[in-house]
Amino acid sequence: MSVSRSRSILSPNNSGNFEANNGIANGNSAGSSIGIGAGGSSRSSGYIKDRYIEELPSQQLRLLCEHLDEMQVWMQLAEVMQLRPADVKFINQQQELGKSPSWQLIRKWGIECKHTVTELFMLLWKNEQHHAMRMLKDFVERKYQLLIPRSQPRLTMLMANSDIKQLNGPINSSSSGVSNSNNNTSISSYEQTAPTSTQRIEQDVREFARYMIEISYEELTEATENWSEHLKLGRGGFGTVYKGTWKCTEVAVKQLQYNAVNGRDSSKVQLQQSLNELKHLSRYRHDNVLPLFGYSLNGEKPCLVYQLMKGGTLEQRLYSKKEKPLTWKERVEICLGAARGINFLHVCDIKPLIHGDIKPANVLLDVCLTPRIGDFGLAREGPASVSRSVTVSQIYGTKPYLPQEFLRGKKLSTKVDTYSYGVMLLETFTGLRAVDQNRKPHLLPEYIKGIRKDQFDDLIDARQPVQNGERDMCKNLILLGSQCVAFEADDRPEMKYVYNTINICKIYPE
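Under full-length UniProt numbering, residues 1 to 510 are what the sequence shown spells out, in order.
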């Protein structure tokens, strides 16, 4: 079988995304074969000629890598592929630079070592990556397609088959509870025996969502035109979001998906995080928190239904070349609203709710650019005292937005959100990304620390003109952002201080 060298394949660009690139890199990195070679024979009516991975359409490879990145499974796949330690180290380094680890993995194993699509398909099957298998379905023979499960398990089935905590107690991403970092005593996780009756499970779900509307899956299927591709808004960590029209109202519908990374335990974590979002959004109502309209449990896949945010995300408005740059007033009001919302989560109850994944992509905007904080799948309760932290057993979130005490010490406090917000504030007023491989240091907080305060003028986003008074305002907000990303958690302000400072700093010329 000949290999086409002129076919367009993907490579990551400077921001870690994918772009078309003709030709491939040569190398002899070690990799394992699953025993299915290219070429094959035409012995069945469902025969599809096998092809090398490098011959996959670029768009298909892009979507596959994006999905595998979301599932965070490249390490497991690398182990099965028997990649050399040096290759794994290289991929880790590329990931720290903001590049796609899954693309680096596919390039090393699939392209440089000339593995086939069928080999990759079988490897995904062994790792229970069923959605990824579906993405390659049209490129393998019928007999391999039959390995794909017919449908994803319903929510109640997943819950019944996993040792998940009862939903009327706290949901933590840690299955072993939380410990107080000041006195090393254990904080109970309220872990109880999982209910065995699916009817009981649904009752538990409806208990904490009793003030929410339960929507039939059929209605949502109709609202999204049978989950039409042209209505797809994007893909999140554990689901795909569609635009829909329900009851004459435009909505965003997140269709939850569960793909086992490490078998049943991973499905349990994914389920907990999805239900975490339902639990918190049904409880915390605020002008700057994304409104959840309802949920659906009675169909093939569980769904959450949100208000449609027609203004997109702060990330899109900051970096899209198609959009007009946000004015300074718009940026200030967006950051002010986000700070107000985060402060509400921190102070509205005895224990603060720590969002855990504050970033521009999770700040959604309505048509008037009012910010709403979304994606509560990683939210966790913190200690009752704001001066304390708790130690968690597992880390989730987006690395460039997380402080070292959380990444290395697993210490969770409200100051984690402050740090994440600070990175976002710096992005908003400098126009610089949180991580850039062409910048040294690569991480924005480290880059800002190397610049003197009298040079902050040079940091202001040059895409937007600065009028009288706005220059000092921008410099003050960059300074505030640098305070929020202080290395020591105790040196970072609480969000109430951040909100009040922005209020004092804001200047809008006539």
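Note that beta-carbon positions come from the ideal geometry of N, C-alpha and C, so glycine has one too.
Notebook entry, point to check: Given a threshold of 16 other Cβ atoms within 10 Å of its Cβ, counted over all protein chains shown, does asparagine 500 qualify as buried or as exposed?
Noted result: exposed
Check: Is DSSP giving phenylalanine 344 helix, strand or coil here?
Finding: helix
Note to self: Can you tell me which residues form a DSSP beta bridge with residue 526?
What the structure shows: Any property of residue 526 remains undetermined from this structure, which presents the chain solely from 1 to 510.
Check: Along the chain, which unbroken stretches of the beta strand (DSSP E) at least 3 residues long are found entirely within the segment 368-441?
Finding: 371-373
Notebook entry, point to check: Comparing alpha-carbon positions, which option in Pro441, Lys449, Pro360 lies nearest glutamate 96?
Noted result: Pro441
Margin query: Applying the 10 Å Cβ sphere with the 16-neighbour rule, what's the burial state of methionine 157?
Written below: Model confidence at methionine 157 stands at a pLDDT of 47, short of 50, so the residue's coordinates are unreliable; what they give is reported in the following sentence. Its Cβ having fewer than 16 others within 10 Å, methionine 157 is exposed.
Notebook entry, point to check: Using the rule of at least 16 other Cβ atoms within 10 Å of the residue's Cβ for burial, across every protein chain shown, is threonine 118 buried or exposed?
Noted result: buried
Notebook entry, point to check: Which stretch, first to last residue, makes up the alpha helix (DSSP H) that contains phenylalanine 121?
Noted result: 117-126
Notebook entry, point to check: So glycine 481 is in the alpha helix (DSSP H); what residue range does that whole segment cover?
Noted result: 470-484
Next item on the list: Flag this pair as yes or no: are the beta carbons of glycine 431 and arginine 463 separated by less than 7 Å?
Entry: yes
Check: With 16 other CB atoms within 10 Å as the buried threshold, where does asparagine 438 fall?
Finding: exposed
Check: Hey, how far is the Cα of methionine 71 from the Cα of proline 101?
Finding: 11 Å
Note to self: With a threshold of 8 Å, are at least 3 pairs of Cβ atoms found where one atom belongs to the segment 412-419 and the other to the segment 484-498?
What the structure shows: yes
Notebook entry, point to check: Between cysteine 484 and tyrosine 401, is the Cβ-Cβ spacing less than 7 Å?
Noted result: no
Margin query: I'd like to know whether the C-beta atoms of leucine 304 and lysine 254 end up nearer to each other than 7 Å.
Written below: yes
Note to self: Here's the rule I'm using: 16 or more other beta-carbon atoms within 10 Å means buried, otherwise exposed. How should glycine 382 be labelled?
What the structure shows: buried
Checklist line | Spatially closest choice to phenylalanine 138 from Lys411, Leu378, Glu330, Leu56, by CA coordinates | finding: With the sequence shown as reference, residue 138 is identified as aspartate, and phenylalanine is not the correct amino acid for it. Cα-wise, what sits closest to aspartate 138 is Leu56.
Next item on the list: Check residue 515 in the structure and name its three-state DSSP category.
Entry: Past the boundaries of the shown model lies residue 515; the chain is included only from 1 to 510, so the question cannot be answered.
Next item on the list: Determine the direct distance from the alpha carbon of leucine 336 to that of glutamate 494, and round the result to whole angstroms.
Entry: 14 Å
Note to self: With DSSP as the reference, identify every bridge partner of serine 320, one or two as the case may be.
What the structure shows: Partner(s): none; serine 320 has no beta bridge.
Note to self: Taking 7 Å as the threshold (C-beta atoms), are leucine 308 and asparagine 251 in contact?
What the structure shows: At residue 251 the sequence reads valine, which differs from the asparagine that was named. It is a contact, given that the beta carbons lie within the stated cut-off.
Note to self: Check for me: the alpha helix (DSSP H) holding leucine 77 runs from which residue to which?
What the structure shows: 74-81
Item checked: Residues bridged to isoleucine 354 [DSSP beta-bridge criterion] -> Arg380
Next item on the list: Rounded to whole angstroms, what's the CA-CA distance from leucine 136 to glutamine 145? Just pull it up for me.
Entry: 9 Å
Check: Excluding the five sequence neighbours on either side, which residues of its own chain have a C-beta within less than 7 Å of the C-beta of lysine 327, listed in chain order?
Finding: The sequence given here has threonine at residue 327, not lysine. Only Gln464 meet the Cβ criterion.
Checklist line | Alpha-carbon spacing of glutamate 427 relative to arginine 433, whole angstroms | finding: 6 Å
Check: Going straight from the alpha carbon of tyrosine 508 to that of glycine 377, what length do you get?
Finding: 36 Å
Note to self: Could you compute how far the alpha carbon of methionine 133 sits from the alpha carbon of glutamine 104?
What the structure shows: 19 Å
Notebook entry, point to check: Where DSSP assigns a beta bridge to tyrosine 295, which residues make up the other side?
Noted result: Glu214, Leu304
Margin query: Quick check on phenylalanine 447: does DSSP put it in helix, strand or coil?
Written below: The sequence given here places tyrosine at residue 447; phenylalanine does not occur at that position. DSSP places tyrosine 447 in helix when its eight states are reduced to three.
Check: With 16 as the cutoff for other CB atoms within 10 Å, does glycine 450 come out buried or exposed?
Finding: exposed
Notebook entry, point to check: Should serine 216 be labelled buried (16 or more other beta-carbon atoms within 10 Å of its own) or exposed?
Noted result: exposed
Item checked: Three-state secondary structure assigned by DSSP to leucine 64 -> helix
Next item on the list: Note down the Cα distance separating glycine 239 from asparagine 468, rounded to an integer number of angstroms.
Entry: 45 Å
Notebook entry, point to check: Using a Cβ-Cβ cut-off of 8 Å (strictly less than) and excluding sequence neighbours within five positions of glycine 234, which residues of its own chain qualify?
Noted result: Thr240, Val241
Next item on the list: Note down, in chain order, each residue of its chain lying with its Cβ closer than 6 Å to the Cβ of arginine 340, except the 5 sequence neighbours on either side.
Entry: Asn288, Tyr499
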